[in-house]
Amino acid sequence: MKLGKYIKNKRSKTALGVLVFMLVLSLFAEVIANDKPIVLKYQGEYFFPIAKVYTDARFGGDFPTEANYKDPFIRQNIEAEGYMVMPVVEFSYNTVDYELNEPFPAAPSSRHWLGTDEEGRDIFARLLYGIRLSFAFAFLLTFFSSVIGIFIGAVQGYFGGKTDIVLQRVIEIWESMPQMFVLIIVASVFVPSFWTLLVILLLFSWTELTGMVRAEFLRARNFEYVKAAKAVGVSNFRIMSRHILPNALVTTVTFVPFILAGAIVALTALDFLGLGLGHEYPSLGDLVRQGKDNLQAPWIGLSIFFVLSLMLSLLIFIGEGVRDAMDKRKR
Numbered sequence: 343m344k345l346g347k348y349i350k351n352k353r354s355k356t357a358l359g360v361l362v363f364m365l366v367l368s369l370f371a372e373v374i375a376n377d378k379p380i381v382l383k384y385q386g387e388y389f390f391p392i393a394k395v396y397t398d399a400r401f402g403g404d405f406p407t408e409a410n411y412k413d414p415f416i417r418q419n420i421e422a423e424g425y426m427v428m429p430v431v432e433f434s435y436n437t438v439d440y441e442l443n444e445p446f447p448a449a450p451s452s453r454h455w456l457g458t459d460e461e462g463r464d465i466f467a468r469l470l471y472g473i474r475l476s477f478a479f480a481f482l483l484t485f486f487s488s489v490i491g492i493f494i495g496a497v498q499g500y501f502g503g504k505t506d507i508v509l510q511r512v513i514e515i516w517e518s519m520p521q522m523f524v525l526i527i528v529a530s531v532f533v534p535s536f537w538t539l540l541v542i543l544l545l546f547s548w549t550e551l552t553g554m555v556r557a558e559f560l561r562a563r564n565f566e567y568v569k570a571a572k573a574v575g576v577s578n579f580r581i582m583s584r585h586i587l588p589n590a591l592v593t594t595v596t597f598v599p600f601i602l603a604g605a606i607v608a609l610t611a612l613d614f615l616g617l618g619l620g621h622e623y624p625s626l627g628d629l630v631r632q633g634k635d636n637l638q639a640p641w642i643g644l645s646i647f648f649v650l651s652l653m654l655s656l657l658i659f660i661g662e663g664v665r666d667a668m669d670k671r672k673r
């Protein structure tokens, strides 16, 4: 019934389809945009450079380091005794195009569909890899924060009394801590990485669902079927997980798309401020910063603005569709 209501919401259904399409494209980013061949044949043997590292010496070079497939000498050797299939975009997110005859950032062209950034890297490739990185970060942050928040909220609501009061005061104190100052201190001590930022943001984001789950458990713990389960000796854990939690999840699941959108915004904002991921990551926030610093190159700002706006709008539309489908007042 609820799935049918969601399917009837054309805007939300279309948004889900577009979002899935973007995710699928980003998952195959190495096949779409890469400076390594997808497959190559050399001296009768097949190689898969996007999955395995091959040395320069393996293709007739002189060095034991990884082969540079854009090197004219290596290309000539491979094409003389075989062939190689390159991706549609022959640049990865960190590939600097030294062959351009114009200063960076370079304008869009047939070589670089969306132009290059200030370091000569292909913007399309960075967007493609950045979308995958942002969604991976957002999904992990949403999952772990939801698990912790639902658990704490369930304990508060089910047991109530002193347990609820103590945990509620702890949450209020924790939420009042200056998150930005903590991030600045951590960034000055440690080199920010994917997992470091995930843990730091997780420390502050787990409270988003706690209040809602707490309210649902406070309401449901006085229902007759819960009292009957207690009377026959059912354990508290079983009552919480089997009888109350499924009803509480119906309400909380409607907020998941909005939490995902918030996680993407948080990561982008940190990268924009220089407190997030380093230059070795395909960061969307770094492109936002470059768009601000290079107003003479509007293709940078327009590209990242369109991608971020599309991602966040799709998540909002999906969230609204899920919320309407879960709303019992709407038929």
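For any residue, its number in the numbering used here is found by taking its place in the sequence shown, counting from 1, and adding 342.
For glycine and all other residues, C-beta sits at the position ideal for the given N, C-alpha and C.
- Nearest to Ile-490 by C-alpha distance, out of Ile-507, Gln-385, Leu-361, Leu-543, is Leu-543.
- Beta-bridge partners assigned by DSSP to Glu-566: none are found.
- Contact between the segment 635-649 and the segment 451-460 is present, with at least three C-beta pairs closer than 8 angstroms.
- The segment 417-424 and the segment 615-623 do not touch, with fewer than 3 CB-CB distances between them shorter than 8 angstroms.
- Beta-carbon to beta-carbon, Tyr-411 and Pro-391 are separated by about 7 angstroms, close enough to satisfy the 8 angstroms threshold.
- If you draw a straight line from the Cα of Phe-523 to the Cα of Thr-610, it is about 17 angstroms long.
- Ranked by how close their Cα comes to the Cα of Glu-408, the residues Phe-536, Phe-479, Ile-416, Asp-398 have Asp-398 in first place.
- Judged by DSSP secondary structure, Tyr-425 falls within the beta strand (DSSP E) whose first and last residues are 424-427.
- In this structure Met-519 is exposed. Its beta-carbon is surrounded by fewer than 16 other beta-carbon atoms within 10 angstroms.
- Considered as a whole, the segment 396-443 harbours 414-422 as its complete alpha helix (DSSP H) runs of no fewer than 4 residues, in chain order.
- DSSP lists Leu-382 as the beta-bridge partner residues of Phe-389.
- Pairing Asn-419 with Asn-443, the inter-Cα distance amounts to about 26 angstroms.
- Residues Glu-408 of the same chain have their beta carbon placed closer than 6 angstroms to that of Val-395, with the five preceding and five following residues left out of the count.
- Distance check between Ile-465 and each of Ser-655, Gln-632, Ile-515, Gly-663 places Gln-632 closest, using alpha-carbon atoms only.
- Secondary structure at Arg-463: strand, using DSSP grouped into helix, strand and coil.
- The three-state secondary structure of Ala-605, taken from DSSP, is helix.
- With contacts defined by Cβ atoms closer than 8 angstroms, Ala-603 and Leu-650 do not form a contacting pair.
- Only residues of its own chain outside the window of five on either side were considered, and among them Leu-656 have a CB closer than 7 angstroms to the CB of Val-360, listed in chain order.
- In the three-state reduction of the DSSP assignment, Ala-639 falls in the coil class.
- Residue environment analysis places Leu-637 among the exposed positions, since fewer than 16 neighbouring C-beta atoms fall within 10 angstroms of its C-beta.
- Among the bridge pairs identified by DSSP, Thr-458 is matched with Asp-464.
- In this model, Val-630 and Ala-375 are separated by some 21 angstroms (Cα to Cα).
- Beyond the five residues adjoining it in sequence on each side, Leu-469 comes within less than 6 angstroms, by CB distance, of Val-649 in the same chain, given in chain order.
- Of the candidates Leu-619, Phe-600, Met-582, Phe-370, Met-582 places its Cα closest to the Cα of Gly-495.
- Look at Ala-375 here: in three-state DSSP terms it is strand.
- Looking at the backbone, the Cα of Tyr-567 and that of Thr-505 are separated by about 23 angstroms.
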